[in-house]
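Protein chains in written order, with the working numbering: chain Z, 2 to 507; chain W, 2 to 507.
Just below is one structure, and these are the notes that go with it.
Protein chains: 2
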Amino acid sequence: EKKYGRKGNLSLFEQIQKSRSDEASRSVLIKVKGKSDVSYLLDEFKSKNVPVKCACYSEPDHLLVEFKDKDCIEKLFKGVGHFRGNAFSKIPVRVRTRYLFKEDHGKSTLMDENRLDSKSVKIFKPNDFDLGILKQNTQLSEGINLLWNNVKLTEFDIRLQYFIASTLKEMLSNMFPNCNASLFGSCVNGFGNTGCDLDIALDLKQKSTVNEEAHVLKFLTNQRFNSEREWQQHLLDIIGNMVWVFIPGSGKINKILNARVPIVKFQHNNTRRECDISLNGMSGVKMAELMFMFGELCPEIRQLVTVIKQWASAKGVTKDTQPGPWMSNFMLIMMTAFYLQNRKLLPSFRQMQEVAVETERYTEDGNDYSFSTNIDLLKKKYLSKESLDQTSLERSVPDVGTLLQDFFKFYADFDFEKYSISVVEGVPVEKKTFNALFIENPLDVEHNVSRNVNAQNVNKLVKEIQEGHTSICGSSPMLYDLLEKRIKNVKSNSFNISSLFKENDG
Amino acid sequence: EKKYGRKGNLSLFEQIQKSRSDEASRSVLIKVKGKSDVSYLLDEFKSKNVPVKCACYSEPDHLLVEFKDKDCIEKLFKGVGHFRGNAFSKIPVRVRTRYLFKEDHGKSTLMDENRLDSKSVKIFKPNDFDLGILKQNTQLSEGINLLWNNVKLTEFDIRLQYFIASTLKEMLSNMFPNCNASLFGSCVNGFGNTGCDLDIALDLKQKSTVNEEAHVLKFLTNQRFNSEREWQQHLLDIIGNMVWVFIPGSGKINKILNARVPIVKFQHNNTRRECDISLNGMSGVKMAELMFMFGELCPEIRQLVTVIKQWASAKGVTKDTQPGPWMSNFMLIMMTAFYLQNRKLLPSFRQMQEVAVETERYTEDGNDYSFSTNIDLLKKKYLSKESLDQTSLERSVPDVGTLLQDFFKFYADFDFEKYSISVVEGVPVEKKTFNALFIENPLDVEHNVSRNVNAQNVNKLVKEIQEGHTSICGSSPMLYDLLEKRIKNVKSNSFNISSLFKENDG
Ligand SMILES: Nc1nc2c(ncn2[C@@H]2O[C@H](COP(=O)(O)OP(=O)(O)OP(=O)(O)O)[C@@H](O)[C@H]2O)c(=O)[nH]1
Ligand SMILES: Nc1nc2c(ncn2[C@@H]2O[C@H](COP(=O)(O)OP(=O)(O)OP(=O)(O)O)[C@@H](O)[C@H]2O)c(=O)[nH]1
Ligand SMILES: [Mg+2]
Ligand SMILES: [Mg+2]
Numbered sequence: 002e003k004k005y006g007r008k009g010n011l012s013l014f015e016q017i018q019k020s021r022s023d024e025a026s027r028s029v030l031i032k033v034k035g036k037s038d039v040s041y042l043l044d045e046f047k048s049k050n051v052p053v054k055c056a057c058y059s060e061p062d063h064l065l066v067e068f069k070d071k072d073c074i075e076k077l078f079k080g081v082g083h084f085r086g087n088a089f090s091k092i093p094v095r096v097r098t099r100y101l102f103k104e105d106h107g108k109s110t111l112m113d114e115n116r117l118d119s120k121s122v123k124i125f126k127p128n129d130f131d132l133g134i135l136k137q138n139t140q141l142s143e144g145i146n147l148l149w150n151n152v153k154l155t156e157f158d159i160r161l162q163y164f165i166a167s168t169l170k171e172m173l174s175n176m177f178p179n180c181n182a183s184l185f186g187s188c189v190n191g192f193g194n195t196g197c198d199l200d201i202a203l204d205l206k207q208k209s210t211v212n213e214e215a216h217v218l219k220f221l222t223n224q225r226f227n228s229e230r231e232w233q234q235h236l237l238d239i240i241g242n243m244v245w246v247f248i249p250g251s252g253k254i255n256k257i258l259n260a261r262v263p264i265v266k267f268q269h270n271n272t273r274r275e276c277d278i279s280l281n282g283m284s285g286v287k288m289a290e291l292m293f294m295f296g297e298l299c300p301e302i303r304q305l306v307t308v309i310k311q312w313a314s315a316k317g318v319t320k321d322t323q324p325g326p327w328m329s330n331f332m333l334i335m336m337t338a339f340y341l342q343n344r345k346l347l348p349s350f351r352q353m354q355e356v357a358v359e360t361e362r363y364t365e366d367g368n369d370y371s372f373s374t375n376i377d378l379l380k381k382k383y384l385s386k387e388s389l390d391q392t393s394l395e396r397s398v399p400d401v402g403t404l405l406q407d408f409f410k411f412y413a414d415f416d417f418e419k420y421s422i423s424v425v426e427g428v429p430v431e432k433k434t435f436n437a438l439f440i441e442n443p444l445d446v447e448h449n450v451s452r453n454v455n456a457q458n459v460n461k462l463v464k465e466i467q468e469g470h471t472s473i474c475g476s477s478p479m480l481y482d483l484l485e486k487r488i489k490n491v492k493s494n495s496f497n498i499s500s501l502f503k504e505n506d507g
Numbered sequence: 002e003k004k005y006g007r008k009g010n011l012s013l014f015e016q017i018q019k020s021r022s023d024e025a026s027r028s029v030l031i032k033v034k035g036k037s038d039v040s041y042l043l044d045e046f047k048s049k050n051v052p053v054k055c056a057c058y059s060e061p062d063h064l065l066v067e068f069k070d071k072d073c074i075e076k077l078f079k080g081v082g083h084f085r086g087n088a089f090s091k092i093p094v095r096v097r098t099r100y101l102f103k104e105d106h107g108k109s110t111l112m113d114e115n116r117l118d119s120k121s122v123k124i125f126k127p128n129d130f131d132l133g134i135l136k137q138n139t140q141l142s143e144g145i146n147l148l149w150n151n152v153k154l155t156e157f158d159i160r161l162q163y164f165i166a167s168t169l170k171e172m173l174s175n176m177f178p179n180c181n182a183s184l185f186g187s188c189v190n191g192f193g194n195t196g197c198d199l200d201i202a203l204d205l206k207q208k209s210t211v212n213e214e215a216h217v218l219k220f221l222t223n224q225r226f227n228s229e230r231e232w233q234q235h236l237l238d239i240i241g242n243m244v245w246v247f248i249p250g251s252g253k254i255n256k257i258l259n260a261r262v263p264i265v266k267f268q269h270n271n272t273r274r275e276c277d278i279s280l281n282g283m284s285g286v287k288m289a290e291l292m293f294m295f296g297e298l299c300p301e302i303r304q305l306v307t308v309i310k311q312w313a314s315a316k317g318v319t320k321d322t323q324p325g326p327w328m329s330n331f332m333l334i335m336m337t338a339f340y341l342q343n344r345k346l347l348p349s350f351r352q353m354q355e356v357a358v359e360t361e362r363y364t365e366d367g368n369d370y371s372f373s374t375n376i377d378l379l380k381k382k383y384l385s386k387e388s389l390d391q392t393s394l395e396r397s398v399p400d401v402g403t404l405l406q407d408f409f410k411f412y413a414d415f416d417f418e419k420y421s422i423s424v425v426e427g428v429p430v431e432k433k434t435f436n437a438l439f440i441e442n443p444l445d446v447e448h449n450v451s452r453n454v455n456a457q458n459v460n461k462l463v464k465e466i467q468e469g470h471t472s473i474c475g476s477s478p479m480l481y482d483l484l485e486k487r488i489k490n491v492k493s494n495s496f497n498i499s500s501l502f503k504e505n506d507g
């Protein structure tokens, strides 16, 4: 685990993004045939004098190698060949994708696989979590921990995410020299699970440091479009085509250009990660930072949300397609944060705004996304005086099992009809609209995050919360009961954790 | 006029290409409001310490500035702003297009326009040639010279061509780090006229210097296509979209992907140059070099071809659309070269092949494009002994007026039915096919360049040659009669030279 302190003007979240992106820009993804290839390649790199900083091997066939510096990559690429099949596959779409494969030389099998278990290589196995083992656990917190440890993002998952974003950025950086591909959503906000999708915000605009008006010369651009939206649609169309042709292993390109926020989806084959590219500015990234802050201020929220997402999926409260007139994971996170605010385990967003300092100010297109990112300050100033030891900043928070029970109790008692879930205030606020459910978007208060959820699905949510409450707050609460699927004829309790999130009783 | 000597392994043609491309990579195109802007900008560059090597101003509104080195451009771009209109026009698609415009500051009108007529600024006016003045000229050669001087490519035309190719290359160089955008066709083969189209061969494949087989790692590419053709079509499709969005002033994008050679056409607006992008390797460039060699070995061919192209267009032998079952300019060049070969004023292609040395060998996809590029050697060894002064290499060639008359005489006597026009042999060779006309492609002997020309159009060619012969070989030959259009109701004899090439009597 890396440690980050406050450095310069960057918040902790921004530091992590920067450091992970730098790491990714020094990394190369290699398709191998197995463990023996890995040790063979590491020897090769050593002999070629391209020092490896870290190698992550994900079974069965992916190796993500981080080199000491970017020069290593240039050096390495000089010795990389092209596939000698058909003429058209020889075309060197290359440096920027940084996706290689190891050719079969027949020598690999002779290598000693055991040499791999050294410090320099981390080995990852695909998750294969059996929900059934939760039947054995009597302690609720213990079960939650077990689940959390099995579904949280691995180091390989995280590195792969930033690698994919880096690949996209490099593909576009010639045309947009100052572009950035920022991750947001669950893959970076602290609530991601193995296999979660990658939300990527492309930022093509360069913030100019000087007064633009003063320039004698301006870049001539085509006035092809009547709106920013039209420009986004065209650009995403092109980007989708480029991804399809140029990024190895990209599959299932899906352009959703007429949505409120136009996006291009693609799947990073083999690794099966789905990517959503949008061009809609940094609000999503700021939202991710806010959620990340919640996790830093009250780490229990990450485990809580993991269970609640799984419960919602098992009971059909959320569905595997978005958007629709039902609940989303994003709303569940907001609900969980709001619950913790009510218990004074998280500050309200208003409190976070109040202590924001100059370097934390951020506005975009007239929206103000400023909030404090000073974890120590926020803890000291706002978090429950009873539970917080003022000198050490150590808190004695109820265990996560108790919090889960309390979450169900809180919402079993909550009057969804009368009150809106206001993350800004951190307490229930009277609803101002007729929406069946109102979950405030803290970064855009007038905006109801759950405006699409219809009455039927709100009723479903309320009913499932009641049932969950009964089930989890009984005399011998079992996590298994809460997460058990509604469908009776499930053949086996053993399944891949990512498929678990996809199924529900409809 | 630049002078080039044989340098290293590069032929004269290759040296020109390299030197012009380098020049283009240091150049920026600026849209100005008039002459006064030009002097204002040059002062600006001076005060900003970005030294200008050469500035070409083309009336009314284009300024092409070549800087001393590429660093100047980086430096310049730091002070270039973005248009502050709609948000979407601010998006920095920039460095790579290098197309700027000067903002109106109101100060420009105060500048002294006369200062411009210094050595550092070349001024170009759009051609506006009046064919009528040819009526005054009694001497044929004098008329041809007048025509030639008015329609040949200007320094601005040439620089603009390489600038456009350079722009394309930069747009793609991030994905294809070793790509090249080479010009071919009339714009570089020595037979181009003002406003001629730009034929651009994209070369995405990097020639590997090392043994590819030995590499342990290969770049992974998508196996999306079943043939090189399919890959070309997809790529040109993407390139067309990118050009449309990213290259300022690009218009009339036309993708002709199902042609034998798939191409994407676009127009460089304002400057009105049409560009054809193809991906079909270097054969076109080699052909351009061969034609360029013809021009170097016998400079009169350039003037001859200019007149012949204009005659063919006026009489409807060629048409303004290609391809079709009629003659093309390319065929006319081959016919002119063949005529000069028969008069021993040009060597045969076979002779040029015979003395090719190792550094002149060039093969691609199994085709051999090798020929000598040693001008002195070829002149000394093969050109007509009678007319060539062996010591000084100066020749006493008939004047260009006489050559034009002789051209018509040669083809008036030529048996198109029986013989093929063999640039390889340099003498008539018996036809091996039933095509109405056979013009050998020297770089691919089996290939008949005029296979598409039908009997009707060959008859038209023959008839027009006969008439031209009569008209030009009379007692007082007038160039005007030869180039006069067939249509009687032409309103004026004064027109833009580029429009001249577009019209014919159908
Ligand atoms: N303002 C606003 N932002 C949203 C909404 N839905 C999603 N987002 C943002 O988009 C991000 C990505 O959305 P998703 O991929 O659907 O959700 P997620 O948080 O990544 O969770 P997963 O289901 O694990 O992908 C979220 O984290 C939010 O920042 C919405 O309704 N309103
Ligand atoms: N092998 C072959 N090459 C051709 C043929 N037609 C054109 N080309 C090549 O393509 C180049 C460009 O073609 P065009 O743009 O039509 O002709 P051009 O010589 O540039 O003359 P312009 O009419 O001034 O453009 C030519 O110079 C030839 O090298 C053909 O029929 N066969
Ligand atoms: Mg997501
Ligand atoms: Mg051409």
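Ideal Cβ placement from N, Cα and C applies to all residues, glycine included.
Only a predicted model underlies this, so the values are computations on that prediction, with no experimental measurement involved.
When DSSP assignments are scanned along the region 252–306 of chain W, the uninterrupted stretches of alpha helix (DSSP H) that are 4 or more residues long and fall wholly within it turn out to be 284–298. I440(W) sits away from I466(W), with the two beta carbons spaced by 8 angstroms or more.
A straight-line Cα-Cα distance of about 15 angstroms links T360(Z) and E290(Z).
With a cutoff of 7 angstroms, S329(Z) does not count as near ligand 3, since its C-beta is closer than that to no heavy atom of the ligand. Using a Cβ distance threshold of 8 angstroms, Y340(Z) and F295(Z) do not count as a contacting pair. Here G282(W) has A202, D204, E365 and D366 as same chain residues with Cβ atoms under 8 angstroms from its own Cβ, once five neighbours each way along the sequence are excluded.
The beta carbons of V308(Z) and L405(Z) sit closer together than 8 angstroms.
A residue is listed when its beta-carbon falls short of 5 angstroms from at least one non-hydrogen atom of ligand 3; in chain order these are G186(Z), S187(Z), D198(Z) and D200(Z). In the structure shown, M479(Z) falls within a coil segment according to DSSP collapsed to helix, strand and coil.
Rounded to the nearest angstrom, the Cβ distance from D198(Z) to D277(Z) is 6 angstroms, consistent with a contact under 8 angstroms. One Cα belongs to L65(Z), the other to F411(Z), and the distance between them is close to 44 angstroms.
Taking 8 angstroms as the CB threshold, V217(W) lines the interface with chain Z.
Here M328(W) carries a strand assignment [DSSP, helix/strand/coil]. The DSSP-derived three-state label of H470(W) is helix. Three or more Cβ pairs closer than 8 angstroms define a contact, and the region 61–77 of chain Z meets that threshold against the region 35–52 of chain Z.
Here DSSP, grouped into helix, strand and coil, assigns K219(W) to strand.
One thing to note: L298(Z) has its Cβ no nearer than 8 angstroms to the Cβ of K219(Z). Distance from the CA of S174(W) to the CA of E229(Z), rounded to the nearest whole angstrom, comes to 27 angstroms.
In the three-state reduction of the DSSP assignment, G427(Z) falls in the coil class.
A distance below 8 angstroms between beta-carbons, with the five flanking residues on each side excluded, links W245(Z) to the following residues of its chain, in chain order: S251, I254 and F267.
Taken from the Cβ of Q323(Z), at least one heavy atom of ligand 1 lies inside 7 angstroms. Taking A357(W) as the centre and dropping the five residues before and after it, the same chain places the C-beta of S371, F372 and S373 closer than 7 angstroms to its C-beta, in chain order. Spatial neighbours of A338(W) in its own chain (CB-CB distance under 7 angstroms, excluding positions within 5 residues in sequence) are listed in chain order as F295, I302, L347 and V424. By alpha-carbon distance to G402(W), the top candidate from D70(W), Q16(W) and N146(W) is N146(W). What R225(W) touches in chain Z, judged by beta-carbon distance under 8 angstroms, is W245 and V246, going in chain order. A residue is called buried once 16 or more other Cβ atoms fall within 10 Å of its Cβ, and A56(W) is buried on that count. Put simply, the CB of K256(W) is far from chain Z, with every gap to its CB atoms at 8 angstroms or more. Here A182(Z) is not near L161(Z), since their CB atoms are 8 angstroms or more apart. DSSP places C188(W) inside the alpha helix (DSSP H), whose first and last residues are S187 to N190. Contact between N343(Z) and G427(Z) holds, since their C-beta atoms are separated by about 7 angstroms, short of 8 angstroms.
Using a CB distance below 9 angstroms, no part of the region 294–313 of chain W faces chain Z. Exclusion of the five residues before and after N458(Z) leaves P326, W327 and M328 as the residues of its chain whose Cβ lies within less than 7 angstroms of its Cβ.
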